[in-house]
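For the record, the sequence lines run as chains A and S. Reading the first sequence from the start, the letters are residues -1 to 308 in the working numbering. Reading the second sequence from the start, the letters are residues 152 to 634 in the working numbering. Report on one structure; see the data block that follows.
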Amino acid sequence: MLARAADALFWLARYMERIDNLARLIEAAQSMAGVSSEAEEWRSALAAAGVDELYDEAYSEITPDSAARFLCSGTNPSSILNCIDNARINARAMRTAITRDMWEAVNQGWIESRQLTDKNFGPAMLPGTLDWVRQLSTRFAGAYETTMLRGDSYWFVRLGAALERADNTARILDVKYHLLLPRDSSGVGGMLDYYQWTSVLRAVSAVRAYQWLYREEVKPWNVAEMMILRPEMPRSLRSCYDTITLCLDELAKSHGAKRGEAHRMAGSIAAELRFGRISDIFQTGLHETLTLHIDRARELGDQISNLYMR
Amino acid sequence: MPMSQFFDDMYGTDGKLRPAYAAIAQWLAETPPEVLETKREEAERLFRRIGITFAVYSEGGGDTERLIPFDIIPRVLDADEWGFLERGLKQRVAALNRFLTDAYGSREIVKAGLFTDAHIDTHPAYCRQMQGVAVPGGIYTHIAGIDLVRTGVNDFYVLEDNCRTPSGVSYMLENRSVMMRLFPELFARVGVAPVARYPQDLLATLRSVAPPDDEEPCVVVLTPGQFNSAYYEHSFLADEMGVELVEGSDLMVVSKHVYMRTTAGPKRVHVIYRRIDDDYLDPLVFNPNSVLGVPGLMEAYREGNVALANAPGAGLADDKAIYMLVPEMIRFYLGEEPILKNVPTYDCANESELAYVLDHLEELVVKETRGSGGYGMLVGPHATKKMRDAFAKKLRQDPSAYVAQPTLALSTCPTFDGDQSAPRHVDLRPFVLSGADGVRIVPGGLTRVALKDGSLVVNSSQGGGTKDTWVLHANGAGNRGAR
């Protein structure tokens, strides 16, 4: 397939995955209102989205309303609305490489997004708007999963979605990592801690999943293990890298067994996650591990681009 | 239905229902306007969702993606009418291809005295880089759109030949699929010839001119990109044919062969259905500032290593001064009498014809010889005296830039105006595919309709819409009876 098409599909999937993560971040920050310092919660949400510095340039203080608006719309280039615009530009550039259902999901979402006004991002209507965003992302994922031929196009879409998700999971955990660090047992079980860990889970929509996997009260190292190492958890780094290596292997098959640095790198990260232990990760330092993952996701994206998209 | 000064597709001139429209008339009689209005809105939603938009170059920016209005009442031609048009179209396009081959070859038509060298050489669409190039199969215009109008039961005229890069075929196909979705019961009643095979016909036509190679010929559609007004059509056709939609930057020329950049490295390209203008094809040969084209493309083409459809320089045949000579061309190249009529055309470059035109401005349509899209023209009967005087001044200044034609009594077709069905003027653009292995025409075309009451301008840029065009099966002209 065309190198430019691979690039457009990869980024289309990344933008559609990103809006879902942004919506969840905002919901998680909101759910903490009244429990901990609001400004801190929103600062960490902005940091996880990678736009805290841009926010500070635009506003002098953090209020829930202005932070939510900034993440949703406005001047922020990674806002939900701008991601939808970019997704559609990529989809439109490669109409022939995507299915009609995928196009309709993106195009319909874009048409609806153009009808959103300031009010839709205000406190009263924001929850509904975020529901709509998550549904849009899910609709897109459903469309490609159910309608795409299992060929190169499909693997590039899935690869983009998985890499974006790995990056987002690492970012969300990293801004909350201080909550996940083990403390002396007296701190465990406090009402505030309970809410905070739950908010981490909520940000990755894993509150129920935690109960199913651990069947005990929310404990920080369990949360970290679940989000980094557990294969059952679709947003864990482990799951994402399993998918990334699967996609890269399939692409190698259809490209005459040609492999590159991207394959080596993804394989090495996947192996590390597969055989890693959470105690070792805490030993190395949770923050250090997560920062490394954020950097490696960027580097892997560059390597994929070098191999297929030039 | 009252008598009309215009021929109406449904009621003729005498107000009697024509058999081809029997089922349509029955359907209109039994369907309340509210239902039609609901269906019209549904059609618009479908078009928007599929993304069948065209870009308008507006000054203020804003929303530049618009829908061409779609009218839900189809335009119907019976099998005999279509058979006649089909024969005429094949003949005309054959002559146009012969003319282009000749103009870029030995110029027999000049030797015969019908034409001058200067006429060809000084033409802005003449492409001197094509002189003496042997194009595969002698085909210059693989895809031609011929604009037809009707003035009477047996009177069809060719208004314009579009041999360069005619657009609109995606509307023909999408209009049909939307109609089938909205009114399946209507298609069950009436035998309508399908148009859906157009993409396969187009692909077969393009492959027929591929240079010989061991590999299966690789066809691509070359687009200027997603901001071009016809981008939807480019992607639609590529998708329907199952071929890659490429931009100039996706292609490269290595050792006089064309390749596209793929995830698996360079892949040879044999045929390019290009939807970018001649001028932008190759910055080494044409406009050096073009970033849309492919450096070295023309050399690969001249070497016969890649086919371009349509061939560069095919626009020569679109000119209105050359249009006047098409009936002569048909006699000269094919030894046949023209089947389709030309609209009588006054060439303002000719002094006596200019004088006639200036005297009769209130009854003529004056067009720029090289204009298109309905811009820069004067519709005499609809213009004010002031407008005519201003135009007369322009005419005197540069007479050879204009031709004039009598205002045709364009036929009308029932069109839904929101309350009821009312007659509106229409034209028809069928698409003629010419390959090394023959000519293919799908039964139908794009019907454009002037939505404003009384308007004769059907261009989408000036308030025109489109309709589905039905060609009835030979044995089912009219009503097959409700099932």
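Even for Gly, the Cβ is constructed at its ideal location relative to N, Cα and C. In this text, all values refer to a predicted model and were calculated from it rather than measured experimentally.
Span separating the alpha-carbon of residue i from that of residue j
i              : j              : result
residue 193(S) : residue 618(S) : 15 Å
residue 183(S) : residue 344(S) : 27 Å
residue 71(A)  : residue 198(S) : 28 Å
residue 166(A) : residue 16(A)  : 8 Å
residue 516(S) : residue 332(S) : 39 Å
residue 457(S) : residue 407(S) : 9 Å
residue 304(A) : residue 256(A) : 13 Å
residue 552(S) : residue 518(S) : 8 Å
residue 83(A)  : residue 73(A)  : 13 Å
residue 213(S) : residue 110(A) : Low confidence applies here, because residue 213(S) scores a pLDDT of 44, under 50, leaving its location unreliable; read the following figure in that light. Those two C-alpha atoms are separated by around 17 Å.
residue 595(S) : residue 233(S) : 8 Å
residue 250(A) : residue 154(A) : 12 Å
residue 488(S) : residue 239(S) : 10 Å
residue 503(S) : residue 495(S) : 15 Å
residue 386(S) : residue 448(S) : 22 Å
residue 4(A)   : residue 327(S) : 32 Å
residue 576(S) : residue 263(S) : 40 Å
residue 384(S) : residue 318(S) : 8 Å
C-beta contact flag for residue i and residue j at 8 Å
i              : j              : result
residue 14(A)  : residue 151(A) : no
residue 47(A)  : residue 79(A)  : no
residue 609(S) : residue 228(S) : no
residue 218(S) : residue 201(S) : no
residue 357(S) : residue 424(S) : yes
residue 244(A) : residue 172(A) : no
residue 426(S) : residue 371(S) : no
residue 236(S) : residue 312(S) : no
residue 224(S) : residue 567(S) : yes
residue 602(S) : residue 615(S) : yes
residue 161(A) : residue 298(A) : yes
residue 239(A) : residue 268(A) : yes
residue 159(S) : residue 563(S) : yes
residue 509(S) : residue 352(S) : no
residue 268(S) : residue 258(S) : yes
residue 103(A) : residue 10(A)  : no
residue 1(A)   : residue 308(A) : yes
residue 368(S) : residue 422(S) : yes
residue 470(S) : residue 295(S) : no
residue 200(A) : residue 29(A)  : yes
residue 402(S) : residue 394(S) : no
residue 461(S) : residue 292(S) : yes
residue 43(A)  : residue 65(A)  : yes
Simplified DSSP assignment, three categories, for residue i
i              : result
residue 364(S) : coil
residue 464(S) : coil
residue 371(S) : strand
residue 633(S) : Reliability of the predicted coordinates at residue 633(S) is poor, the pLDDT of 30 falling under 50, and the value obtained from them is presented with this limitation in mind. Reduced to three states, the DSSP call for residue 633(S) is coil.
residue 211(S) : In this prediction, residue 211(S) has a pLDDT of 40, which is less than 50 and means its spatial position is unreliable; what the coordinates show is noted afterwards. Here residue 211(S) sits in coil by DSSP.
residue 320(S) : helix
residue 341(S) : coil
residue 530(S) : strand
residue 425(S) : strand
residue 622(S) : strand
residue 313(S) : strand
residue 255(A) : coil
residue 204(A) : coil
Bridge partner(s) assigned by DSSP for residue i
i              : result
residue 557(S) : 515(S)
residue 585(S) : 590(S)
residue 9(A)   : Per DSSP, none; premise fails for residue 9(A).
residue 410(S) : 403(S) and 419(S)
residue 397(S) : 373(S)
residue 308(S) : 300(S) and 492(S)
residue 565(S) : 574(S)
residue 294(S) : 584(S)
residue 600(S) : 577(S) and 616(S)
residue 0(A)   : 413(S)
Near the ligand GTP: residue i beta-carbon under 7 Å from a heavy atom
i              : result
residue 602(S) : Ligands displayed in this structure: none; no statement on the ligand GTP is therefore possible.
Going residue by residue through the stretch 101 to 188 of chain A, where are the continuous alpha helix (DSSP H) segments of at least 4 residues, counting only ones entirely within it?
124 to 145, 150 to 173 and 175 to 178
Give the list of continuous alpha helix (DSSP H) stretches no shorter than 4 residues that lie fully inside the stretch 487 to 512 of chain S.
502 to 510
Let me know the alpha helix (DSSP H) ranges lying completely inside the stretch 215 to 267 of chain S, each 4 residues or longer, listed in chain order.
230 to 254 and 259 to 262
Any alpha helix (DSSP H) of 4 or more consecutive residues that is wholly inside the stretch 157 to 194 of chain S
173 to 181
Any alpha helix (DSSP H) of 4 or more consecutive residues that is wholly inside the stretch 19 to 102 of chain A:
36 to 46, 50 to 56, 62 to 70 and 78 to 91
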